[in-house]
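S.K.: The structure that follows is given in the form of structure tokens.
Protein chains: 2
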Amino acid sequence: MTEQFKFHMPTQILFGRGLVKHLADYIPGEKVLIVSDPFLYKNGVAQAIGDGMTGKKVAYFSDIEPNPSCESVDAAAAVAREHSADCVVGIGGGSSMDVAKIVSCLVTNPGSIYDYYSGGTKKLCPRTTGLICIPTTAGTGSEVTNVGVFTNRSTHVKLPMVNNEFWPDIAAIDPDLTVTLPPAVTASTGMDAFCHAIEAYWNKESLPLCDMLAMGAMKLILKNVKKAYDNPQDMEARSAMSKASLIAGVAFSQTRTTGIHATSFPLTAEFGASHGIACSITLPAFMRISGELEQEKMQELASYLGYSCLEDFADGVEQLMGSMKMPLRLHELGVKEEDIPHIAEVALSAQIIQLTPAVMNMETVERLLRSIL
Amino acid sequence: MTEQFKFHMPTQILFGRGLVKHLADYIPGEKVLIVSDPFLYKNGVAQAIGDGMTGKKVAYFSDIEPNPSCESVDAAAAVAREHSADCVVGIGGGSSMDVAKIVSCLVTNPGSIYDYYSGGTKKLCPRTTGLICIPTTAGTGSEVTNVGVFTNRSTHVKLPMVNNEFWPDIAAIDPDLTVTLPPAVTASTGMDAFCHAIEAYWNKESLPLCDMLAMGAMKLILKNVKKAYDNPQDMEARSAMSKASLIAGVAFSQTRTTGIHATSFPLTAEFGASHGIACSITLPAFMRISGELEQEKMQELASYLGYSCLEDFADGVEQLMGSMKMPLRLHELGVKEEDIPHIAEVALSAQIIQLTPAVMNMETVERLLRSIL
């Protein structure tokens, strides 16, 4: 167990069914910008939340795409400035919440996201605009992290931006919002949350508080993800998944992630896999090597979750994924043998890969990828 | 599991051996007031921490008594104002940290603590003075709560004061500070931390994040408290106990406590028992009735901690306390049969007693107290 650690989670968490329709009291000022994707705007979810903000002047920006681009960020920031927003509310999966984080800063910080990110040299001044994040999936945990992930549309490079101004003031988690998720999305986002938990747990920068949270989150996911997949209306399972995603989010917000997420970047950027699929496809393989440096700790986890050993645990997770028709082999994403060195190289360029509890170099990462080709 | 909950822990946590000697970078402004008890001042601990605050002008107030009085608070506030303190640092068990919380507010809020507490009608304006709490025991968890407990010297009434201005900016936990604790204090403060964890877990206002933290804290305490008691120099056990106390503190900071703490108030105020003793003496008895409303949840906890059932778990905790020579019967504190109705009445006057997972009224509380007379 680490003998030195820091823990800081300044975001206030609100959890409950139906709560997002009554957020007015939590919103500073009068003018709100709600950021969402087009789907959540068209199906009325974003507007129902806005309508609940009694007495506020609400504007909407609903052009957020998956893996949001810096151009979308700048377009949303222009609307926020025009509206003189006192509070930015991000509603959605990771994308809209991530955009809301940087947009709430850009209301009072001049210029483009490029001035502050990916080669930009300006430093964000403290945020004075409120920031509320509302997840509509049970997966990303972005509502309780200080990270946004943005894509440079011209270079196709997807990079995380970490800033303490990105901690939302409030994370409002309402399991009712997840009830319309299609089974495939329930599976992929749910297993993304599982990756967050296990990557926090086996992380070289793990800490005891987060280990406990991660263990609890994994237990909830193993017990509930298939139920929510099989029966989207099972509110007990939905609620458990929302809790698990939140708790896994708190855990990895302190530790960062590891090889699974590092490897997901090229699988998403170059093979078009959704984030949840791009992460979970390597999950069983990373589990099998995690004993290299954390044998005892992984055995303890396996026992806690009802498995006899780490191998048995990895098999169980793989079977669970298979039972939800998730891809288990890289060729299902279109990856070919000759792509492997490049994927390994890009994965190794992400610093977080070195937080994996195993030796990570071209040889070991290529071997891992080949084992699941 | 509760379907609606809030979680907010704005305090930044720093944990590590030796870290309290290097806090200068975390301190806002130039002028620091260190609040401690006379013992920590005389033995040089408070000064060693002050000496590490390179470049700061440090003053000391070291007249804090156990169960601190409002008069001590006002005396410390006068020194803080005189010194124009930018930051107040509380070092000690619960008492000094609790005093530091209110004193950091009184630097810029005029008048006496009585103006804001126990019948006072003024409201504290937001704190602009920094607040750092440093525990020297592994027990109170006060470094991560927004509660201070103060005693009115003339009425002998001990009452908690809850205020969001009391969340420390920083909780700095250094296990090295606990190495000189005598075995009896290791035992009583360690079991106080155990009470925090179990009272968070079985609380009617429990929440999933805190359940997970509480379970982890209890596991650490059961594994390490006797080791730290037997061998005060065992730094691995000391470190585990410091972690457990911190984690239990985070858990109960969100849920509050229950019958154990409610009953401790008269046992401390009227029978002079230390806080840890006054709490843990009723712990096994409260464990035995906790199945009344939380049978399944308590069984799950017992299994997680390696016991076959709740009764077995309660017996195990009682034996552990006995092995550390802790009092197990109320008569050992001087309580007589005829005192029981009064103790029950005072305990029942604390609202938190109704968060216990069992029916709490004069009849049930008296019966519980008689069972351990």
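Just so you know, the sequences run in chain order C and H. Under the working numbering, the final residue of the first sequence carries the number 377; numbering is consecutive throughout. Under the working numbering, the final residue of the second sequence carries the number 377; numbering is consecutive throughout. Where is the CB? At the ideal position from N, CA and C, for every residue including glycine.
Cβ of residue 2 of chain C within 8 Å of Cβ of residue 104 of chain C?
M.R.: Here chain C comprises residues numbered 5 to 377, so residue 2 of chain C is not present and cannot be evaluated.
S.K.: At 7 Å on the CB atoms, spell out the chain C contacts of residue 18 of chain H, in chain order.
M.R.: The contacting residues are 10.
S.K.: Are the Cβ atoms of residue 245 of chain H and residue 194 of chain H separated by less than 8 Å?
M.R.: Closer than 8 Å, so yes.
S.K.: Rounding to the nearest angstrom, what Cα-Cα distance links residue 295 of chain C and residue 252 of chain C in this structure?
M.R.: Straight-line Cα distance between these residues: approximately 21 Å.
S.K.: Can you pull out the residues from the segment 21-50 of chain C whose beta carbon lies closer than 8 Å to at least one beta carbon of chain H?
M.R.: Per Cβ criterion, the list reads 21, 23.
S.K.: Taking all protein chains shown into account, do 16 or more other C-beta atoms lie within 10 angstroms of the C-beta of residue 161 of chain C, making it buried, or fewer, making it exposed?
M.R.: With fewer than 16 other Cβ atoms within 10 Å, it is exposed.
S.K.: Counting along the chain, where does the beta strand (DSSP E) carrying residue 61 of chain H start and finish?
M.R.: Its beta strand (DSSP E) spans residues 61-65.
S.K.: Specify, as a first and last residue, the run of the beta strand (DSSP E) that residue 280 of chain H falls within.
M.R.: That residue, residue 280 of chain H, is in no beta strand (DSSP E); its alpha helix (DSSP H) goes 279-284.
S.K.: Name, going along the chain, the residues of the segment 233-249 of chain H whose beta-carbon falls closer than 7 Å to a beta-carbon of chain C.
M.R.: Answer in chain order: 243, 247.
S.K.: Which whole runs of the alpha helix (DSSP H) in the segment 61-105 of chain H are 4 residues long or more, in chain order?
M.R.: Taking only runs of at least 4 residues, the alpha helix (DSSP H) segments lying wholly in the segment 61-105 of chain H are 74-86.
S.K.: So what's residue 200 of chain C in DSSP terms, helix, strand or just coil?
M.R.: DSSP places residue 200 of chain C in helix when its eight states are reduced to three.
S.K.: Can you give the Cα-Cα distance for residue 341 of chain C and residue 317 of chain C, rounded to whole angstroms?
M.R.: Residue 341 of chain C and residue 317 of chain C: Cα-Cα distance of roughly 28 Å.
S.K.: So, for residue 81 of chain C: in the same chain, excluding its five sequence neighbours on each side, which residues have a beta-carbon less than 6 Å away from its beta-carbon?
M.R.: For residue 81 of chain C, where only same-chain residues beyond five positions count, the Cβ hits under 6 Å are 107, 110.
S.K.: If we ignore side chains and look at the alpha-carbon of each, how far apart do residue 372 of chain H and residue 343 of chain H end up?
M.R.: When rounded, the distance between both Cα atoms is 13 Å.
S.K.: Should residue 101 of chain C be flagged as near chain H, meaning a C-beta pair shorter than 8 Å?
M.R.: Closer than 8 Å: no.
S.K.: The alpha helix (DSSP H) with residue 156 of chain C in it runs from where to where?
M.R.: It is not in any alpha helix (DSSP H) - residue 156 of chain C instead sits in the beta strand (DSSP E) that spans 151-156.
S.K.: Residue 96 of chain C and residue 68 of chain C - do their beta-carbons sit closer together than 8 Å?
M.R.: Contact: yes.
S.K.: For a cutoff of 8 Å on Cβ pairs, would you count residue 209 of chain H as touching chain C?
M.R.: No - not a single Cβ of chain C is within 8 Å of the one on residue 209 of chain H.
S.K.: Between residue 252 of chain H and the ligand GTP, is the CB less than 7 Å from at least one heavy atom?
M.R.: Among the components of this structure there are no ligands whatsoever, and the ligand GTP is therefore not found.
S.K.: Which residues in chain H sit within 9 Å of residue 56 of chain C, going by Cβ to Cβ distance?
M.R.: Those do not exist, as residue 56 of chain C stays about 16 Å from chain H at its closest Cβ, beyond 9 Å.
S.K.: Measure the beta-carbon distance from residue 174 of chain C to residue 18 of chain C and round it to whole angstroms, keeping in mind my assumption that it falls under 8 Å.
M.R.: Confirmed, Cβ separation roughly 6 Å.
S.K.: Going by DSSP, which residues form a beta bridge with residue 139 of chain H?
M.R.: Answer is H/96.
S.K.: Can you check whether the C-beta of residue 138 of chain H is within less than 8 Å of a C-beta belonging to chain C?
M.R.: It does not; no Cβ of chain C falls within 8 Å.
S.K.: Can you tell me whether DSSP reads residue 360 of chain C as helix, strand or coil?
M.R.: Of the three classes helix, strand and coil, the one that applies to residue 360 of chain C here is coil, per DSSP.
S.K.: For residue 183 of chain C, does the three-state DSSP call read helix, strand or coil?
M.R.: Three-state DSSP puts residue 183 of chain C in coil, outside helix and strand.
S.K.: Hey, does residue 254 of chain C have any beta-carbon neighbour from chain H nearer than 8 Å?
M.R.: Yes - at least one Cβ of chain H is within 8 Å of the one on residue 254 of chain C.
S.K.: Since residue 11 of chain C and residue 258 of chain C should fall inside the 8 Å C-beta cutoff, what is the C-beta to C-beta distance between them, to a whole number of angstroms?
M.R.: So it is a contact: roughly 6 Å between Cβ atoms.
S.K.: Where do the ends of the alpha helix (DSSP H) carrying residue 290 of chain H lie?
M.R.: Here the alpha helix (DSSP H) through residue 290 of chain H covers 287-293.
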